[in-house]
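First residue of the sequence shown? That's 120 in the numbering used here, and the numbers climb one at a time after it.
Idealized CB from N, CA, C, for every residue including glycine.
Structure record follows, encoded as structure tokens.
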Amino acid sequence: MHILDLKKVLSTKCLNEIITNGGPKINGVKILDCTYSVTPKPNWEKFQMNELGQFNKLMEKSSKHKQDYLTSHIPHGTFFDFDCAMFPGRYERFSFYQPELFEIYAKKLGINRYEHLVFYSRGPYNGALFAAKAFRLFKCYGHENMSILDGGFDKWCKDGFKIESGTNDENNEIGNWSGSDNFSINVKYSELVKKNDDEKDMFEDLSKTIFLDARSENVYNGQTETGLNPYFVDGCYIPGTINLPATEFFNSDGTFKDELEIKNILNKKNIDIVDVDGKQKKEVVTFCNTGTQATILNFVLEHIYPKVKTRLWNGGLKELEVRNPKRISGKAV
120 MHILDLKKVL
130 STKCLNEIIT
140 NGGPKINGVK
150 ILDCTYSVTP
160 KPNWEKFQMN
170 ELGQFNKLME
180 KSSKHKQDYL
190 TSHIPHGTFF
200 DFDCAMFPGR
210 YERFSFYQPE
220 LFEIYAKKLG
230 INRYEHLVFY
240 SRGPYNGALF
250 AAKAFRLFKC
260 YGHENMSILD
270 GGFDKWCKDG
280 FKIESGTNDE
290 NNEIGNWSGS
300 DNFSINVKYS
310 ELVKKNDDEK
320 DMFEDLSKTI
330 FLDARSENVY
340 NGQTETGLNP
350 YFVDGCYIPG
360 TINLPATEFF
370 NSDGTFKDEL
380 EIKNILNKKN
390 IDIVDVDGKQ
400 KKEVVTFCNT
410 GTQATILNFV
420 LEHIYPKVKT
430 RLWNGGLKEL
440 EVRNPKRISG
450 KAV
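Next comes the structure, spelled out in structure tokens:
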């Protein structure tokens, strides 16, 4: 076996070459199908009482996204389920397991420490939505060698590469993957509202932080349904935040735009992240409603700016809706 040095944005052609030239295992690669169909948030108290960390039970559950995987997927692809990998918390739709619990699930999928993980999905954002979420999730646990399939499953199919059906579970041996605590790449609500020496919290002291809202422009401005409860939330965005829709990072064929195009998008929005030497000028916090769209921003910004470290507010606006809805007071002019 030899370990490949792969790009973070991996082409369908490159992945196909890995599969046809010895297969992923011999090349030190693990392919994970992260397809997911969003469902209403389960009762968090019942879940934590009856199902939390019970991965065998959770992995046996049926779902639309599991059926999509079983119907067709990339050869050697293993099904990765966010309903197993994360759990509903009191304030978050998707909460993080402690490393020692998450690694149980990762091992059951046959993931090893040395492997280069390749994430792909189908559906929203050309399959990048949940691939980026999985990428960020494993980064929270310290895994470093990872890629997202450019264009996702749809482009794989359009390019005419082979697909298969059924499960690969019978080929999965228990892995030796282990996780670490790298949760400092996220920002908690308690940190956001902590007052500094000037009696300002992070939302109020924008001289040190850039808040990027990944939702679409129409949602940000309240021109379409925001997904927030109108009985509690009067506005549609947090004043002082910048709208950077994740959709703007993609070409018409579903692939990521190149570095120059993305930097032009940032310049047009006056988003000034780095100095002339490429060093980070301010802290960058990304968010959306539930911490999913925002992970695309994390992935892209860290990809084009290697010296930049972004942070994810995983709870997002749905957490703020419960904790302090009046803060979501911005309205379209």
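What's the gap between the Cα of residue i and the Cα of residue j?
i	j	result
residue 340	residue 213	25 Å
residue 403	residue 260	20 Å
residue 160	residue 395	44 Å
residue 366	residue 248	10 Å
residue 194	residue 283	6 Å
residue 370	residue 441	36 Å
residue 286	residue 266	22 Å
residue 146	residue 271	21 Å
residue 133	residue 156	27 Å
residue 435	residue 233	32 Å
residue 222	residue 298	6 Å
If you follow the beta strand (DSSP E) that residue i is part of, which residue opens it and which one closes it?
i	result
residue 266	265-268
residue 138	First-last for residue 138: 131-139, but that is the alpha helix (DSSP H), not the beta strand (DSSP E).
residue 332	328-332
residue 90	This structure does not reach residue 90, given that the chain is present from 120 up to 452, and the question cannot be answered.
Taking the beta carbon of residue i as the centre, do at least 16 other beta carbons fall within 10 Å, making it buried, or is it exposed?
i	result
residue 450	exposed
residue 326	exposed
residue 120	Because the pLDDT at residue 120 is just 48, under 50, the model does not fix this residue reliably, and the value given afterwards should be weighed accordingly. Counting Cβ neighbours within 10 Å, residue 120 comes out exposed, since fewer than 16 surround it.
residue 405	buried
residue 189	exposed
residue 412	buried
In its own chain, which residues sit with a C-beta less than 6 Å from the C-beta of residue i, not counting the 5 before and 5 after it?
i	result
residue 422	127
Following the continuous alpha helix (DSSP H) through residue i, name the residue where it begins and the one where it ends.
i	result
residue 422	413-423
residue 235	First-last for residue 235: 235-239, but that is the beta strand (DSSP E), not the alpha helix (DSSP H).
residue 190	183-190
Please state if the CB of residue j and the CB of residue i are separated by a distance shorter than 8 Å.
i	j	result
residue 198	residue 273	no
residue 351	residue 444	yes
residue 428	residue 293	no
residue 333	residue 407	yes
residue 231	residue 296	yes
Using C-beta distances below 8 Å, list every residue in its chain close to residue i, excluding the 5 sequence neighbours before and after it, in chain order.
i	result
residue 317	324
Starting from the C-beta of residue i, find all residues in its chain whose C-beta is less than 7 Å away, skip the five residues before and the five after it, and write them out in chain order.
i	result
residue 203	174, 177, 178 and 224
residue 158	none
residue 537	Past the edges of the chain, shown from 120 to 452, lies residue 537, and the structure says nothing about it.
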